[in-house]
Amino acid sequence: MDNNVTSTDEIAELLVYLGRAARGGDAASDMTAAQWTALRFFARANDVSRTPSAFASFHATTRGTASQTIKSLLVKGYLERHESADDRRSVRFDLTDAGLAAMREDPLRAVSEAIDRLDAGLKSALRQALPALAGELAAIRDTVAFGTCGDCRHYSGGAISYCACVAAELAPADLGRLCINFAAREGRKLASPGFEPGETR
């Protein structure tokens, strides 16, 4: 029997380890891992993606479970609900001042700090490889792949930033935000425009 671990297996195991290590600081807070995932999502998603169904897709969970997690953040005062003026059934969730303050204590910042310690070449390689890997995994599992404008085929830059999916101009603040309408294009960029780790809207 061949017990040799392939480089592919090793990469997969390292990703699992990093995921567990990233969640290691969650236990020291008053929030669950699911609540942190939700708060991070709503902090990073664009307007059209800050919905229960979009979060459920991102978190690979049911709409009911996603709604319960969102409700718990509403109770904590970290999220606030906004109904659409055109369709009251359509809702969007934004972070409150308390939610933004909570994000400044995000346990995931330890991972961001570790990434910042890497040299520029390694950081660029990760920035290129990880979104591509996420896209391939989404394709294998037939789920939605999330991403940002810089990697999306709907996006065109220049003097005006434009999204062909929603047929609208984009504000600079939206360019680095997660989007449920994301469609990966060939030749991903190595950096997300308009967003830096730790930045809040």
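Using my numbering, the letters of the sequence shown correspond one by one to residues 2 to 202. Yeah, the Cβ is synthetic: ideal placement off N, Cα and C, and Gly gets one too. These figures come from a predicted structure and were not determined experimentally.
I12 and L134 have their C-alpha atoms roughly 11 Å apart.
Contact between the segment 121-128 and the segment 50-68 is absent: fewer than 3 CB-CB pairs across the two stretches fall below 8 Å. Contact between F94 and F43 holds, with the beta-carbon distance rounding to 5 Å and staying under 8 Å. Annotation for L96: the continuous beta strand (DSSP E) segment containing it runs 92-96.
Counting other Cβ atoms within 10 Å of its Cβ, D175 reaches 16 or more and is therefore classed as buried.
In the structure shown, G122 adopts helical secondary structure according to DSSP, grouped into three states. T9 and L16 have their C-alpha atoms spaced approximately 11 Å apart.
Per DSSP, the unbroken alpha helix (DSSP H) holding H60 starts and ends at 53-60. Nearest Cα to Q129 within the set A140, V145, D143, T149: T149. Counting C-beta atoms within 10 angstroms of its own C-beta, L179 has 16 or more neighbours from the protein chains shown and is therefore classed as buried.
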